[in-house]
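Just so you know, UniProt numbering puts 72 at position 72 of the sequence shown, and the rest follows in order with no gaps.
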Amino acid sequence: MATTWTDEHTLKHLRAANTIARQAMDAGHHPFGALLVAPDGETVLLTQGNVDTVNHAESVLAREAARLYAPAMLWDCTLVTTLEPCAMCAGTQYWANIGRLVYGASEADLLALTGNHAENPTLDLPCRELFARGQKAIEVIGPLAELRDELLALHRRFWHTR
1 MATTWTDEHT
11 LKHLRAANTI
21 ARQAMDAGHH
31 PFGALLVAPD
41 GETVLLTQGN
51 VDTVNHAESV
61 LAREAARLYA
71 PAMLWDCTLV
81 TTLEPCAMCA
91 GTQYWANIGR
101 LVYGASEADL
111 LALTGNHAEN
121 PTLDLPCREL
131 FARGQKAIEV
141 IGPLAELRDE
151 LLALHRRFWH
161 TR
């Protein structure tokens, strides 16, 4: 049985995802980080930083989760990510059957920072709109105003040097 997700879970796991994003940036990748939280709301099952333009943190994590865990178990899990997933990542979460998404800053926030940067041709499609077109009621928590600046700080540094 899944534990009730709390604001404390959200803050703790978003900050952990931001640490993963910082590690990805330090390794020369775009600063995105994601983690998969078990139904208990505490146990982190998987972590993933961004790899490249087609292997985003969230999509790599969701594919690995689908390989390792049963769909029924994943439905009670939470994908936590620093920024709102793009259409590719949200779609991968949908097909992996991960029932909840938590993100810190919006895709619109990222677009405002990167503009039309060649390394980040942002798709202006909120994940809620994508999920609304599907047949699964994926719960979405985000953006989180109180962590927005903290989570975008890495992106400000990263994208202004590109």
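Each residue gets a CB set at the ideal place from its N, CA and C atoms; glycine is no exception.
Check                                                                                                                   : Outcome
Assigned exposure category for GLY115 - 16 Cβ within 10 Å defines buried                                                : exposed
Beta carbon of LEU113 nearer than 9 Å to that of VAL80                                                                  : no
Beta-carbon proximity check, CYS89 vs ALA137, cutoff 9 Å                                                                : no
Helix, strand or coil at ASN18 [DSSP, three-state]                                                                      : helix
9 Å Cβ cutoff, PRO143 in contact with chain C                                                                           : No chain C appears in the structure shown, which is made up of a single protein chain.
7 Å Cβ shell around CYS127 - same chain, five flanking residues per side excluded                                       : GLU84, PRO85, ALA90, LEU101, VAL140
Bridge partner(s) assigned by DSSP for THR81                                                                            : ALA34, TYR103
Whole-angstrom distance between VAL60 and ARG67, CA atom to CA atom                                                     : 11 Å
Member of ASP26, VAL44, ALA2, ALA108 whose CA lies at the smallest distance from the CA of ASN50                        : ASP26
Residues of its chain near TRP159, where Cβ-Cβ distance is below 8 Å and the 5 sequence neighbours each way are ignored : LEU113, THR114, HIS117, ASN120
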